[in-house]
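Here the protein sequences line up with chains A and B, keeping their order. Letter 55 of the first sequence, counting from 1, is numbered 139 in the working numbering, and no numbers are missing. Letter 87 of the second sequence, counting from 1, is numbered 138 in the working numbering, and no numbers are missing.
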Amino acid sequence: MFDDFFVRALVAGIGIAFVTGPLGCFVVWRRLSYFGDTLAHSALLGVTIAYTLEFNIAVSIFITSSIIALILVKLEKKTNLPGDALLGLLAHSSLAVGLVAIGFLTFIRFDIMGLLFGDILAVTTDDLLTIWIGGALILLVLKLIWKPLFASTVNYELAEAEGLNPDRAKAIFTILMAAIIAISIKMVGLLLITGMLIIPTAMARNLSDNPQKMVIFSIIGGLLSVFIGLFSSLEFNTPSGPSIVAAALVLFIFSLFKIKQTIQLKN
Amino acid sequence: MNIEKNILVKLKDVGFEQNGKWLVKGVSLQVEKGKIVTLIGPNGSGKSTTAKIALGIYKNIEGQVEKFTNNIGYVPQKISIDWTLPLRVKDFMLLTDNLKDDALDEALTLTGVKHLKDKNLGNLSGGEFQRVLLARAISKKPELLVLDEPVQGVDFTGEIALYELIKKISEKLNCGILLISHDLHTVMTATDHVVCLNGHVCCSGSPKDVARNNEYKALFGEQASQTLSVYEHKHDHEHSNDGEIKKN
Numbered sequence: 085m086f087d088d089f090f091v092r093a094l095v096a097g098i099g100i101a102f103v104t105g106p107l108g109c110f111v112v113w114r115r116l117s118y119f120g121d122t123l124a125h126s127a128l129l130g131v132t133i134a135y136t137l138e139f140n141i142a143v144s145i146f147i148t149s150s151i152i153a154l155i156l157v158k159l160e161k162k163t164n165l166p167g168d169a170l171l172g173l174l175a176h177s178s179l180a181v182g183l184v185a186i187g188f189l190t191f192i193r194f195d196i197m198g199l200l201f202g203d204i205l206a207v208t209t210d211d212l213l214t215i216w217i218g219g220a221l222i223l224l225v226l227k228l229i230w231k232p233l234f235a236s237t238v239n240y241e242l243a244e245a246e247g248l249n250p251d252r253a254k255a256i257f258t259i260l261m262a263a264i265i266a267i268s269i270k271m272v273g274l275l276l277i278t279g280m281l282i283i284p285t286a287m288a289r290n291l292s293d294n295p296q297k298m299v300i301f302s303i304i305g306g307l308l309s310v311f312i313g314l315f316s317s318l319e320f321n322t323p324s325g326p327s328i329v330a331a332a333l334v335l336f337i338f339s340l341f342k343i344k345q346t347i348q349l350k351n
Numbered sequence: 052m053n054i055e056k057n058i059l060v061k062l063k064d065v066g067f068e069q070n071g072k073w074l075v076k077g078v079s080l081q082v083e084k085g086k087i088v089t090l091i092g093p094n095g096s097g098k099s100t101t102a103k104i105a106l107g108i109y110k111n112i113e114g115q116v117e118k119f120t121n122n123i124g125y126v127p128q129k130i131s132i133d134w135t136l137p138l139r140v141k142d143f144m145l146l147t148d149n150l151k152d153d154a155l156d157e158a159l160t161l162t163g164v165k166h167l168k169d170k171n172l173g174n175l176s177g178g179e180f181q182r183v184l185l186a187r188a189i190s191k192k193p194e195l196l197v198l199d200e201p202v203q204g205v206d207f208t209g210e211i212a213l214y215e216l217i218k219k220i221s222e223k224l225n226c227g228i229l230l231i232s233h234d235l236h237t238v239m240t241a242t243d244h245v246v247c248l249n250g251h252v253c254c255s256g257s258p259k260d261v262a263r264n265n266e267y268k269a270l271f272g273e274q275a276s277q278t279l280s281v282y283e284h285k286h287d288h289e290h291s292n293d294g295e296i297k298k299n
């Protein structure tokens with residue numbers, strides 16, 4: 085059944101959408117979209133390290149992104165630069181260093197386009213295992229930290245005062261972000277992972293009046309984007325990442341009409 | 052021994068410094084079960100800071116905080132909620148605790164906002180939101196309630212009713228309450244212990260004792276203590292405008 089590359093891509097995409105849905109909600113709620121970008125850009129460095137040391141790519145990306153997140157926290161404390169400047173600094177410098185490193189690795193042929201934008205042909209049966217086991221672990225951990233993470237997203241001081249330990253939840257969430265990037269890079273590509281995280285969620289925001297609904301719509305939006313995106317990728321021979329994200333954009337635009345309707349109903 | 056057991060939170064000589072300025076310094080107080088301790092003082096005197104120290108929100112502090120309970124309800128003075136997050140009143144009520152629906156209804160009924168349960172939090176008025184905040188804090192039946200100006204923006208009759216409710220809750224749940232209030236009348240009638248702050252503890256004691264205190268009068272004016280008999284006695288220091296102590 086998994087012999088067909090397209091079936092593999094679909095199964096991988098479904099697994100990713102289930103995880104990006106809820107994580108994406110927190111990315112939007114906590115205003116972390118640029119942070120997600122930074123981690124994703126640093127993933128290229130992770131890929132080069134994996135090739136150089138002949139190491140598992142997902143694990144290598146996970147470790148590199150986590151380290152970049154740690155460096156960010158340190159820099160925030162040590163410098164007077166604003167957060168977005170630090171994010172830009174880390175995002176572009178890690179991308180640059182990653183690309184330079186690839187230049188040195190002349191003995192390996194790289195599919196840079198595939199890395200940047202995703203490639204459905206590249207998904208192997210092993211990748212499916214990584215995505216589904218990794219994804220299940222991410223969702224499990226997210227469920228465990230849901231209460232403190234959500235409470236501190238609404239109001240940090242309330243969560244802290246009432247004993248929920250929001251700092252620990254935030255640290256764990258950062259690791260989960262690194263993990264989702266690690267498992268979804270082959271499908272979506274490192275330039276577009278944040279799009280997969282936030283566009284279905286943005287669509288969901290337009291349709292929801294409570295957080296649970298927003299998470300569910302976000303997952304549904306992600307799944308639809310994967311289906312539509314992958315079929316058109318196959319049909320028009322376009323890279324998988326942009327196809328999925330473009331599909332998500334179309335869904336987002338449709339959701340805007342829904343808002344218009346409800347506003348008209350209210351009047 | 053028994054007294055020790057009743058203590059919920061104890062602050063020993065605590066202080067908090069931010070950007071080179073001490074927001075409060077040398078504050079000691081304790082909250083016991085079934086007692087209402089009220090912090091009063093002018094703006095910027097460190098009332099909210101003291102509450103946040105007691106709650107453990109501020110961590111790099113001077114002095115010691117001992118907490119003997121983890122079941123805490125908190126009504127912060129200011130709360131900014133980001134509306135990128137869709138949140139109904141009932142979602143907000145379940146923020147820090149998994150409550151049963153009737154516990155939630157009971158608390159919302161007590162503060163008079165049960166009809167708002169399914170409304171979006173962003174559509175509430177200031178007074179309605181304040182009632183929801185209070186309902187959320189009491190719904191989990193806490194051992195310690197920290198209320199930072201809990202009735203701000205509430206209409207006049209509602210204000211009295213809510214203060215009565217707070218008093219009733221402290222008796223019913225036998226919980227300790229750390230209250231920050233500007234309403235001196237309420238302070239004088241409902242409180243067991245008053246701590247008057249102005250960067251440090253100016254005076255503390257029963258409402259009567261505090262009302263007689265000269266520093267209290269200097270801070271709030273003669274009128275504030277008129278209802279109670281006035282005793283003149285010498286005070287040992289004055290404050291400059293920024294709260295610095297000037298020795299006489």
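Each residue gets a CB set at the ideal place from its N, CA and C atoms; glycine is no exception.
Per DSSP, the bridge partner or partners of residue i
i: His-176/A; result: DSSP lists no partner for His-176/A.
i: Asp-199/B; result: Ile-231/B
i: Phe-67/B; result: Val-75/B
i: Asn-249/A; result: Partner(s): none; Asn-249/A has no beta bridge.
i: Glu-374/B; result: Since the displayed chain B opens at 52 and closes at 299, residue 374/B lies outside it and no answer follows.
i: Arg-139/B; result: Asn-171/B
i: Leu-90/B; result: Ile-231/B and Val-246/B
i: Gly-256/B; result: Val-245/B
i: Gly-219/A; result: In the DSSP output, where bridge partners are listed per residue, Gly-219/A has none listed.
i: Val-82/B; result: Val-60/B
i: Ile-123/B; result: Leu-195/B
Proximity below 8 Å, CB of residue i to CB of residue j
i: Gly-66/B; j: Ile-112/B; result: yes
i: Leu-213/B; j: Thr-135/B; result: no
i: Ala-105/A; j: Ser-302/A; result: For the record, residue 105/A in the displayed sequence is Gly; it is not Ala. Taking 8 Å as the Cβ cut-off, Gly-105/A and Ser-302/A qualify as a contacting pair.
i: Gly-99/A; j: Trp-216/A; result: yes
i: Leu-175/B; j: Leu-167/B; result: yes
i: Asp-206/B; j: Ile-231/B; result: no
i: Leu-62/B; j: Gly-114/B; result: yes
i: Asn-264/B; j: Gly-247/A; result: no
i: Gly-182/A; j: Thr-132/A; result: yes
i: Ser-149/A; j: Leu-116/A; result: no
i: Ala-185/A; j: His-125/A; result: no
i: Thr-136/A; j: Leu-205/A; result: no
Under 7 Å by beta carbon: chain B residues contacting residue i
i: Leu-248/A; result: Thr-147
i: Met-298/A; result: Pro-137
Close Cβ partners of residue i (< 8 Å) along its chain, the five nearest in sequence each way excluded
i: Val-143/A; result: Ala-134 and Ala-266
i: Leu-145/B; result: Leu-155
i: Ser-221/B; result: Gly-85, Lys-86, Ile-87, Leu-196, Gly-227 and Ile-228
i: Pro-323/A; result: Met-197, Gly-198, Phe-201, Gly-202, Asp-203, Gly-273 and Ser-317
i: Lys-254/A; result: Leu-233 and Ser-236
i: Glu-353/A; result: Because chain A in this structure spans residues 85 to 351, residue 353/A falls outside the shown range and cannot be described.
i: Val-329/A; result: Val-272, Leu-276, Gly-279, Met-280, Ile-283, Ser-309 and Gly-313
Contact set for residue i: own chain, Cβ-Cβ below 7 Å, skip 5 residues either direction
i: Thr-101/B; result: Val-75, Val-78, Leu-90 and Leu-248
i: Tyr-125/B; result: Leu-106, Ala-188 and Val-197
i: Val-164/B; result: Glu-179, Arg-182, Val-183 and Ala-186
i: Phe-146/A; result: Ala-262, Ala-263 and Ala-266
Spatially closest choice to residue i from the options, by CA coordinates
i: Ile-141/A; options: Leu-226/A, Glu-241/A, Trp-230/A and Leu-199/A; result: Leu-199/A
i: Arg-289/A; options: Met-271/A, Cys-109/A, Val-91/A and Phe-89/A; result: Cys-109/A
i: Arg-72/A; options: Val-272/A, Ala-124/A and Leu-228/A; result: Any property of residue 72/A remains undetermined from this structure, which presents chain A solely from 85 to 351.
i: Tyr-267/B; options: Glu-200/B, Gly-173/B, Gly-92/B and Phe-143/B; result: Gly-92/B
i: Ile-130/B; options: Glu-241/A, Gly-247/A and Ile-145/A; result: Glu-241/A
i: Lys-118/B; options: Gln-81/B, Asp-133/B and Ser-255/B; result: Gln-81/B
i: Gly-219/A; options: Lys-231/A, Ile-259/A, Ala-206/A and Arg-193/A; result: Ile-259/A
i: Gly-173/B; options: Asn-121/B, Arg-139/B and Val-202/B; result: Arg-139/B
i: Leu-291/A; options: Glu-244/A, Lys-342/A, Phe-191/A and Val-91/A; result: Lys-342/A
i: Leu-216/B; options: Glu-194/B, Asp-152/B and Thr-160/B; result: Thr-160/B
i: Trp-73/B; options: Glu-210/B, Val-261/B, Asn-225/B and Gly-97/B; result: Gly-97/B
i: Leu-307/A; options: Leu-94/A, Asp-88/A and Phe-90/A; result: Leu-94/A
i: Ala-153/A; options: Ala-332/A, Ala-331/A and Phe-257/A; result: Phe-257/A
Neighbouring residues, chain A, relative to residue i (Cβ below 8 Å)
i: Asn-111/B; result: Simply none; closest approach about 13 Å.
i: Val-197/B; result: Ala-245
Neighbourhood of residue i by C-beta, 6 Å cutoff - its chain only, sequence neighbours within 5 removed
i: Glu-68/B; result: none
i: Ala-286/A; result: Phe-336
Contacts of residue i in chain A (Cβ-Cβ under 9 Å)
i: Gly-107/B; result: Glu-244, Ala-245 and Gly-247
i: Asn-94/B; result: None at all; the shortest Cβ gap to chain A is about 19 Å.
i: Pro-127/B; result: Asn-239, Glu-241, Leu-242 and Ala-245
Contact list for residue i against chain B, beta-carbon separation under 9 Å
i: Arg-289/A; result: Thr-135, Leu-136 and Pro-137
Chain B residues whose Cβ lies nearer than 8 Å to that of residue i
i: Trp-230/A; result: The contacting residues do not exist; Trp-230/A stays about 11 Å from chain B at best.
i: Ala-235/A; result: Leu-146 and Thr-147
Partners in chain A for residue i, counting only beta-carbon separations shorter than 7 Å
i: Asn-304/B; result: In the structure as shown, chain B begins at 52 and stops at 299. Residue 304/B is therefore absent and cannot be evaluated.
Distance cut-off 7 Å: residue i Cβ against heavy atoms of the ligand FMN
i: Asp-203/A; result: Absence of the ligand FMN is noted for the structure shown, with no ligands found whatsoever.
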